[in-house]
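Accompanying notes for the structure given below.
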Amino acid sequence: MQEGFPLPRWAWRSVGAATALGLLLASEVVGALGAVVAFAVAEVIFDAADLER
């Protein structure tokens, strides 16, 4: 079992921002909003998992 999140937080957030930006540039506003929400929810889940340890 790995301890903590396997990627640095800055890398995880960069992937989320790049995904949302790419979708916005492709005029996919709903997709970009979905990506932002998904990455935000993942942040909350990983924070909760880190607090439980």
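Under the working numbering, the letters of the sequence shown match residues 110 to 162, in that order. Heads up, the beta-carbon is just placed ideally off N, CA and C, and yes, glycines get one too. What you are looking at is a predicted structure, and each value in this text was computed from that prediction instead of being measured.
- Is it a yes or a no for the region 137 to 144 touching the region 152 to 160, going by three-plus beta-carbon pairs under 8 angstroms? no
- Item | Cβ neighbour criterion (16 or more within 10 Å) applied to Ala-120 | exposed
- Message: Taking 9 angstroms as the threshold (C-beta atoms), are Ala-129 and Ala-151 in contact?
- Response: no
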